[in-house]
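S.K.: By the working numbering, the letter at position 194 of the sequence shown is numbered 359, and the numbering carries on one by one without gaps. Sending over a structure as structure tokens; questions will come in a sec.
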Amino acid sequence: MEFSTEGLSFSQILSKPEFSILVSYFSSFLSGIGTLIIGFWLSGKAERTIKHMLGGVPRLSPMLIPISGSVTRYAGITVTLVVSLSQFGIQTTSIIAVLGAAGLAIGLALQGTLSNVAAGVMLLILRPFETGDWIEVAGSSGAVREVGLFTTKIDTFDNVFISMPNSTIWSSTIINNSKHTQRRLDIEIGVSYNSDLDEVEAAMLTLADDPRVHTNPPPQFHVLNYADSAIQVRLRVYVDYADMFTLNWDLNKQIKKLFEAHNIEIPFAQLVVHQAP
166 MEFSTEGLSF SQILSKPEFS ILVSYFSSFL SGIGTLIIGF WLSGKAERTI
216 KHMLGGVPRL SPMLIPISGS VTRYAGITVT LVVSLSQFGI QTTSIIAVLG
266 AAGLAIGLAL QGTLSNVAAG VMLLILRPFE TGDWIEVAGS SGAVREVGLF
316 TTKIDTFDNV FISMPNSTIW SSTIINNSKH TQRRLDIEIG VSYNSDLDEV
366 EAAMLTLADD PRVHTNPPPQ FHVLNYADSA IQVRLRVYVD YADMFTLNWD
416 LNKQIKKLFE AHNIEIPFAQ LVVHQAP
């Protein structure tokens with residue numbers, strides 16, 4: 166399209182149909198750019214709003230909050246792109262057709278990625294774990310920070326961050342150590358063959374006189390086996406999951422002092438060598 170302004174006044178230029186077309190194209194371009202900027206901003210704002218609103222809903226799984234925010238944001242971005250492209254002069258029906266074809270092509274190319282989305286949905290529906298649970302999966306162990314559309318974020322106990330694909334988690338055996346609030350705790354130790362087992366039992370059961378130890382089921386004492394250098398015994402108690410680690414450390418610390426007070430020997434491995442005459 167040729168647009169000559171030679172020898173024309175400003176008012177004549179404004180009255181030319183070519184100028185009107187140019188202004189229309191420029192206005193549509195600015196409108197499309199403005200829609201993109203505002204739409205992307207509103208999508209991010211909607212994501213934060215949804216997360217904030219769902220965070221105040223009682224008895225709602227924390228796992229649903231981040232993924233709901235992500236779905237809201239991506240839906241807003243999709244609508245923004247469709248509207249802005251239509252303002253650029255591209256027909257909406259053409260956009261939908263192109264998006265459909267592109268979606269099919271992308272779906273075939275990104276089957277692994279889409280399987281992560283499907284696995285994430287299944288994790289949210291069946292909920293084998295919640296945010297904050299201690300899980301063991303695919304050779305990794307740690308606390309669940311967040312379940313996203315594509316990956317699950319895990320923090321290990323030595324403060325290492327893991328981003329694991331949802332499909333990997335879904336196809337693996339999941340061990341949830343936090344699922345049950347009551348956990349069994351076993352304290353095992355070896356005592357000398359000269360020890361009175363009744364005295365050992367009475368001494369070890371005094372360790373269970375701790376407010377963190379449950380009375381139902383009651384604490385139990387077991388003789389496990391007769392090893393080479395010691396009789397292996399065990400104290401079994403049930404505790405809250407939240408107290409399991411600290412109580413285990415405390416009881417292991419106390420048992421040595423307890424045995425010393427009762428003159429119960431904790432033997433060490435010995436090798437007896439007999440010399441032939």
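No residue lacks a Cβ here, since even glycine has one placed at the ideal position from N, Cα and C.
Give me the Cβ distance between Thr370 and Asn413, rounded to the nearest whole Å; I'm assuming they're in contact under 8 Å.
M.R.: With the sequence shown as reference, residue 370 is identified as Leu, and Thr is not the correct amino acid for it. Actually they are not in contact, since the Cβ atoms of Leu370 and Asn413 sit about 17 Å apart, beyond 8 Å.
S.K.: In whole angstroms, give me the CA-to-CA distance for Ser394 and Gln385.
M.R.: Each residue's alpha carbon lies about 24 Å from the other.
S.K.: For Arg348, which residues does DSSP report across the bridge?
M.R.: Bridge partners of Arg348: Val404.
S.K.: Taking 8 Å as the cut-off, decide whether the C-beta atoms of Tyr403 and Pro382 are in contact.
M.R.: Result yes, Cβ atoms of Tyr403 and Pro382 sit closer than 8 Å.
S.K.: Below 8 Å between beta carbons: does that hold for His379 and Gln419?
M.R.: No. Outside cutoff.
S.K.: With Thr237 as the anchor, note down where its alpha helix (DSSP H) starts and where it stops.
M.R.: 229 to 252 is the span of the alpha helix (DSSP H), which, as asked, contains Thr237.
S.K.: Roughly how many angstroms separate the alpha carbons of Val365 and Pro432, rounded to a whole number?
M.R.: Taking the straight line from one Cα to the other gives about 14 Å.
S.K.: Which residue or residues does DSSP assign as beta-bridge partners of Ser328?
M.R.: For Ser328, which the question treats as bridged, DSSP gives the partners Lys318.
S.K.: DSSP three-state label for Ile203, please.
M.R.: Helix, per DSSP.
S.K.: To the nearest angstrom, how far is it from the Cα of Ala426 to the Cα of Phe322?
M.R.: Looking at the two C-alpha atoms, the distance is approximately 35 Å.
S.K.: Quick one: give me the first and last residue of the beta strand (DSSP E) that Asn390 is part of.
M.R.: Unbroken beta strand (DSSP E) run through Asn390: 385 to 391.
S.K.: Whose CA, out of Val247, Phe294, Ile198, lies closest to the CA of Asp265?
M.R.: Contrary to the premise, residue 265 reads as Gly rather than Asp in this sequence. Among Val247, Phe294, Ile198, the Cα nearest to that of Gly265 is on Val247.
S.K.: What three-state label does DSSP hand Glu353 in the structure shown?
M.R.: Strand.
S.K.: Taking the alpha carbon of Met218 as the reference point, which residue from Ile203, Thr237, Gly204, Phe205 has its own alpha carbon closest?
M.R.: Per the Cα distances, Thr237.
S.K.: For Glu311 and Lys318, I'd like the C-alpha separation in whole angstroms.
M.R.: Near 5 Å, if we compare the C-alpha coordinates of Lys318 and Glu311.
S.K.: Note down the Cα distance separating Thr338 from Gly304, rounded to an integer number of angstroms.
M.R.: Approximately 10 Å between the Cα atoms of the pair.
S.K.: Would you mind sorting Val302 into buried or exposed? The rule is 16 or more other CB atoms within 10 Å of its CB.
M.R.: Flag for Val302 reads buried.
S.K.: Using a Cβ-Cβ cut-off of 6 Å (strictly less than) and excluding sequence neighbours within five positions of Phe175, which residues of its own chain qualify?
M.R.: In this prediction, Phe175 scores a pLDDT of 48, lower than 50, which makes its location untrustworthy; the coordinate-derived value is nonetheless stated afterwards. Closer than 6 Å at the Cβ level, and outside the excluded window around Phe175, lies no residue.
S.K.: Check the DSSP bridge columns for Val378 and list the partner residues they point to.
M.R.: Its beta-bridge partners are Val404.
S.K.: Take Ser280 as the anchor and find which of Asp298, Phe294, Gly313 has the nearest alpha-carbon.
M.R.: It is Gly313.
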